[in-house]
Amino acid sequence: MNDEEAALRKSLYLTAEINPNGKKIIGVKPKKFDTHFEYNFGKDWEGFMNALDINRSELFETNNPKTIPQLLFRGHEKKRYKLLPSAFRDLSADSISAHKAGQGNYVGVESEGFISFIEGMNTIGLRIEPESFEYINQLSDEKKGYSSAKFGNYAHGKMLKDLALAQHYGVPTRLLDFTLNPLVALFFATEGITTGSQSKGNIGIWVIPEKLIEVVNEKKFVERIFVNGFQNKNMVAQKGIFINYIEKRGTEPNLYVDDKIKTLDQYLLSDLSDNQRQIVDKRIGKPMHFTLSHCGEREITRYLDFININWTTIQPDLDGVKKEVERRKRKRSCY
Numbered sequence: 154m155n156d157e158e159a160a161l162r163k164s165l166y167l168t169a170e171i172n173p174n175g176k177k178i179i180g181v182k183p184k185k186f187d188t189h190f191e192y193n194f195g196k197d198w199e200g201f202m203n204a205l206d207i208n209r210s211e212l213f214e215t216n217n218p219k220t221i222p223q224l225l226f227r228g229h230e231k232k233r234y235k236l237l238p239s240a241f242r243d244l245s246a247d248s249i250s251a252h253k254a255g256q257g258n259y260v261g262v263e264s265e266g267f268i269s270f271i272e273g274m275n276t277i278g279l280r281i282e283p284e285s286f287e288y289i290n291q292l293s294d295e296k297k298g299y300s301s302a303k304f305g306n307y308a309h310g311k312m313l314k315d316l317a318l319a320q321h322y323g324v325p326t327r328l329l330d331f332t333l334n335p336l337v338a339l340f341f342a343t344e345g346i347t348t349g350s351q352s353k354g355n356i357g358i359w360v361i362p363e364k365l366i367e368v369v370n371e372k373k374f375v376e377r378i379f380v381n382g383f384q385n386k387n388m389v390a391q392k393g394i395f396i397n398y399i400e401k402r403g404t405e406p407n408l409y410v411d412d413k414i415k416t417l418d419q420y421l422l423s424d425l426s427d428n429q430r431q432i433v434d435k436r437i438g439k440p441m442h443f444t445l446s447h448c449g450e451r452e453i454t455r456y457l458d459f460i461n462i463n464w465t466t467i468q469p470d471l472d473g474v475k476k477e478v479e480r481r482k483r484k485r486s487c488y
């Protein structure tokens, strides 16, 4: 064991065990992959719901009865969806090569949308972080094109908070949004399903221990981003948090595998030695992926409606009300 591995073991010595080597949760034993544990509940929607229940699930237990692990949740309507930021999901091989060389054309990837968003915020008088304001001012006189040289300090510091706002409102960015509330993640995973029991698909809920983010951040770049409540009440209602693992211009070699940008679960555990992985697995575990057939969507929707988790409560504005009216109409037509 080298010094780095010994330091990791020492730093985790007093850490409560979160999911050592993939424990059973509500009787389901996970399938173990290199990057994550997958808990497949098939059509057992009740077991799936129990797995996300803080009062019933081993997911929220540690070897210290006084400690509840801090977990991040993200819901996908289809389990095959990967933990890859929206701005980087469909890049060509040439674009990937350009990014690796530090010559990425951010106009077609991320920056153009972000710049338009910041300009819109400025137009309607919303607060803009100084880094963002300085950044768009540097470009204001040159609208013909954004060369990569002008993006050396792109997406850094407090500018990331504005990027998080842009992501929240649908602008493709390098960020992945998570929630601290598993039921909010479940809502996002199921609200768009319209075929109910006739669907052959599966939802996926990703669960990542915050401690894993913290440990990895000591070795390489990965950060959590919070948005101020006064700036966005929706994020407060959703208990939202963003994860960024693409630093500045994205030239770090460990960001790529097979000429593709790594997914978050790939990135978190890559570059660790075998001993380091064993240490992390024993104390923290890997990211977790909970899957369930779409057949259980109807029961889940009824439960979420009963406890008042819907567009109106997680997006408390007129747009949220509009979305909820449309959702209820759509759901009624399915049943």
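Residues in the sequence shown are numbered consecutively from 154, following the numbering used here.
We put the CB at the ideal spot given by N, CA and C, even for glycine.
Residue i, DSSP secondary structure in three states
i    : result
K365 : According to the sequence as given, residue 365 is Leu; it is not Lys. Note: L365 maps to helix in three-state DSSP.
E371 : coil
V260 : Only weak support exists for where V260 lies, its pLDDT of 47 falling under 50; the coordinates are left without a value.
V324 : coil
Y330 : A small correction: the amino acid at residue 330 is Asp; Tyr does not occupy that position in the sequence shown. In the structure shown, D330 sits in a strand (DSSP, three-state: E or B).
D470 : coil
I494 : No information on residue 494 is available, as it lies outside the stretch 154 to 488 that the chain covers here.
Environment of residue i [buried if 16+ CB atoms lie within 10 Å]
i    : result
L422 : buried
P238 : buried
T186 : Correcting the residue type first, residue 186 is Phe in the shown sequence and not Thr. Answer is exposed; the Cβ neighbour count stays below 16.
I207 : exposed
I277 : exposed
R481 : exposed
Y166 : exposed
D315 : buried
R485 : exposed
E272 : exposed
N461 : exposed
V368 : buried
Bridge partner(s) assigned by DSSP for residue i
i    : result
S446 : N355
L225 : I361
R377 : I396
K185 : F190
L417 : According to DSSP, L417 bridges with nothing at all.
M441 : F190, V360
I207 : DSSP, once it has assigned bridges, lists no residue as partnering I207.
I178 : V181
V410 : K413
For residue j and residue i, believed in contact at Cβ under 8 angstroms, the rounded distance
i    : j    : result
G438 : P362 : 7 angstroms
K435 : N174 : 7 angstroms
Whether residue i touches residue j by CB criterion (8 angstroms)
i    : j    : result
I394 : L408 : no
G357 : H229 : yes
L212 : N355 : no
T326 : F374 : no
F443 : A254 : no
H309 : K401 : yes
T416 : K184 : no
I378 : A338 : no
M441 : N172 : yes
L225 : L333 : yes
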